[in-house]
Amino acid sequence: MDFKGKRRSMTEKIQASCVRIISGSAHRRCFAGNLNLCGSAGCPRRGSSVPAVFSEGPGSPFSLRAGSIWPPPTAWRFLMTQTTTLSLAPASPAPSLTGVLNLCFARQFPLTLPEPFEGTLPEGCTELIAALGGNLMLDSQENRAVLPAGSAALLSVPCAYTLCADGAEASAAVVRLAGGLAAQLLAPGNPCEIYPQGAAAVREAVNALAVMERENGAVDAFTASAQCYTLLMKLCRMREAGAPGRYSLLVEAAVGIIDEEFAYLDGLDALADRLEVSKPHLIRTFTHEVGISPGKYITRARIEYAKLLLSEPEMPVSFAAEAAGFAGANYFAKVFRRETGLSPSEFQQTVPSARRRSRGMRDEDRLYMP
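The structure is reproduced here in structure tokens:
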């Protein structure tokens with residue numbers, strides 16, 4: 065058997081997977097993975113810089129092809145550190161969840177002055193708005209509030225609202241949920257509930273949905289609702305625990321860098337240098353405010369991302385290890401077992417068989433799977 069050819073085929077399949085980025089009215093495909101950029105002058109050397117946006121189609125001056133470089137080159141790092149515009153929605157609503165919890169859509173986008181984002185919350189829905197980067201100004205018929213970076217707001221009363229950057233630029237995520245469960249759990253009688261540390265949970269949910277959609281097409285309604293329920297439970301926990309108003313600026317910055325760049329962070333020394341503080345001070349402050357050390361936070365972020373990758377049954381463990389930022393498959397397996405109680409291969413075997421059967425099926429057929 066040609067193992068090298070089989071491995072190369074799998075690698076190219078994974079590396080050529082892409083996320084759709086919507087920029088204004090134009091659609092571009094931006095490739096995420098192990099890529100070389102080729103222009104009219106040929107391919108650059110390994111690790112060289114690449115343009116910020118890669119266009120696909122006639123007239124494009126660049127083309128992309130799968131390569132064999134790891135860690136990811138600048139192209140992949142750009143994708144991970146920039147707030148791209150994402151728009152996600154499940155394949156079809158689940159009738160059995162009507163009135164309880166259905167995902168309408170999830171969006172992530174940058175905001176720059178003076179351009180606002182205008183939205184209208186209909187009857188029977190709630191909306192989570194997260195300040196992923198920079199402060200946001202939320203102005204509705206019921207409320208006017210500044211959302212600090214890292215916070216989230218839950219709107220539960222029908223209204224028109226405007227969202228804009230409270231500064232030169234910012235980034236936001238908006239998740240609309242149909243049904244009464246979100247308002248019942250998180251904002252009983254309150255038209256606008258603020259969660260000072262809620263943006264990270266919203267970002268994680270949107271990113272998880274984006275990975276699922278990229279790997280398997282439109283996410284079925286039950287999977288989307290399950291992801292949203294997990295998000296609601298995290299916000300409930302914050303509310304019940306009486307989370308403090310916000311992290312310090314140092315810890316907010318550290319969390320933001322880790323959430324965006326965990327896959328290729330060089331370690332706590334490099335993180336402390338970027339934040340212009342000593343490593344001991346970073347560890348002490350971060351641990352005091354977050355409850356775990358920054359090293360542990362990075363490990364958990366990498367493990368959660370690896371679990372998303374490994375939910376694809378055909379995903380090679382070695383690739384998931386490298387993509388999540390681990391130095392090698394053996395070390396990854398050791399850390400994964402310590403964090404989850406399972407080896408990566410055992411975790412893959414827990415992926416529901418229904419999901420395996422759904423590969424290649426039509427979206428409408430998935431709705432009637434047992």
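In my numbering, the protein residues as written are 65 to 434.
Note that beta-carbon positions come from the ideal geometry of N, C-alpha and C, so glycine has one too.
Note that the coordinates shown come from a computational prediction; the quantities given were computed from them, not determined experimentally.
Reference G244; option with closest CA among F350, V315, S220: Residue mapping note: residue 244 aligns to position 180 of the sequence shown, counting from 1. Of the candidates F350, V315, S220, the one whose C-alpha sits nearest the C-alpha of G244 is S220.
M379 burial status per 10 Å Cβ neighbour count (16 or more: buried): Working through the sequence shown from its first residue, we reach residue 379 at position 315. Looking at its Cβ environment, which holds 16 or more other Cβ atoms inside 10 Å, M379 is buried.
Rounded C-alpha distance that separates V354 from L314: Within the sequence shown, residue 354 is the residue found at index 290, counting from 1. Within the sequence shown, residue 314 is the residue found at index 250, counting from 1. The straight-line gap from Cα to Cα measures roughly 12 Å.
Where I356 falls: helix, strand or coil (DSSP): In the sequence shown, the residue the question calls residue 356 occupies position 292. Note: I356 maps to coil in three-state DSSP.
Pairwise C-alpha distance: C256 and N207: As a working mapping, residue 207 is identified with position 143 in the sequence shown. As a working mapping, residue 256 is identified with position 192 in the sequence shown. Roughly 7 Å separates the two Cα atoms.
Selection from A387, E376, T349 that minimises the alpha carbon distance to E325: As a working mapping, residue 325 is identified with position 261 in the sequence shown. It is A387.
Local conformation of S409 per DSSP, three classes: Position 345 of the sequence shown, counting from 1, holds the residue named residue 409. Here S409 sits in helix by DSSP.
Residues that L175 bridges to, as DSSP identifies them: Numbered from its first residue, the sequence shown carries residue 175 at position 111. Answer is A234.
Segment contact, 8 Å Cβ cut-off, at least three pairs: the stretch 217 to 234 with the stretch 167 to 183: yes
For G262, the three-state DSSP class (helix, strand or coil): Along the sequence shown, read from residue 1 onward, the residue named residue 262 stands at position 198. If DSSP states are grouped into helix, strand and coil, G262 belongs with coil.
Cβ shell of M302 (< 7 Å), same chain only, five flanking positions each side left out: Here residue 302 refers to the residue found at position 238 of the sequence shown. Result list for M302: Y259, Q261, G262, in chain order.
For G197 and A317, the rounded distance between their alpha carbons: Along the sequence shown, read from residue 1 onward, the residue named residue 317 stands at position 253. Along the sequence shown, read from residue 1 onward, the residue named residue 197 stands at position 133. If you draw a straight line from the Cα of A317 to the Cα of G197, it comes to about 10 Å.
Status (buried if at least 16 other CB within 10 Å, exposed otherwise) for K371: Translated into positions along the sequence shown, residue 371 becomes position 307. Under this definition K371 is a buried residue.
When F350, F383, D323 are compared against A269, the one with the closest alpha-carbon: Your numbering for residue 269 matches position 205 in the sequence shown. For A269, the closest C-alpha among the options F350, F383, D323 is that of D323.
Bridge-paired residues (DSSP) for I193: Counted from its first residue, the sequence shown places residue 193 at position 129. DSSP output for I193 lists A217, V238 as bridge partner(s).
Assigned secondary structure, S160 (DSSP; H/G/I helix, E/B strand, else coil): By 1-based counting over the sequence shown, the position of residue 160 is 96. It is helical.
Start-to-end residues for the beta strand (DSSP E) that takes in A404: In the sequence shown, the residue the question calls residue 404 occupies position 340. According to the sequence displayed, residue 404 carries Thr and not Ala. T404 -> not in any beta strand (DSSP E); alpha helix (DSSP H) instead, spanning 393 to 404.
Proximity of C300 and L241 at Cβ, strictly below 9 Å: Locating residue 300 in the sequence shown gives position 236, counting from the first residue. Locating residue 241 in the sequence shown gives position 177, counting from the first residue. Cβ atoms of C300 and L241: not closer than 9 Å.
T287 classed as buried or exposed, judged by whether at least 16 other C-beta atoms fall within 10 angstroms: The residue labelled residue 287 in the question sits at position 223 within the sequence shown. Looking at its Cβ environment, which holds 16 or more other Cβ atoms inside 10 Å, T287 is buried.
Through-space distance from T184 to L165, alpha-carbon basis: As a first step, residue 165 must be located in the sequence shown, where it is residue number 101. As a first step, residue 184 must be located in the sequence shown, where it is residue number 120. In a straight line, the C-alpha of L165 is about 19 Å away from that of T184.
Cβ neighbours of C223 in the same chain (closer than 7 Å, five flanking residues each side left out): Within the sequence shown, numbered from 1, the residue matching residue 223 stands at position 159. Correct list, in chain order: L185, S204, Q205, E206.
Buried/exposed call for Y361, threshold 16 Cβ in 10 Å: Numbered from its first residue, the sequence shown carries residue 361 at position 297. Y361 is buried by the Cβ-count criterion.
Rounded separation between A217 and A265 - CA only: Within the sequence shown, residue 217 is the residue found at index 153, counting from 1. Within the sequence shown, residue 265 is the residue found at index 201, counting from 1. If I take the Cα positions, the gap works out to 12 Å.
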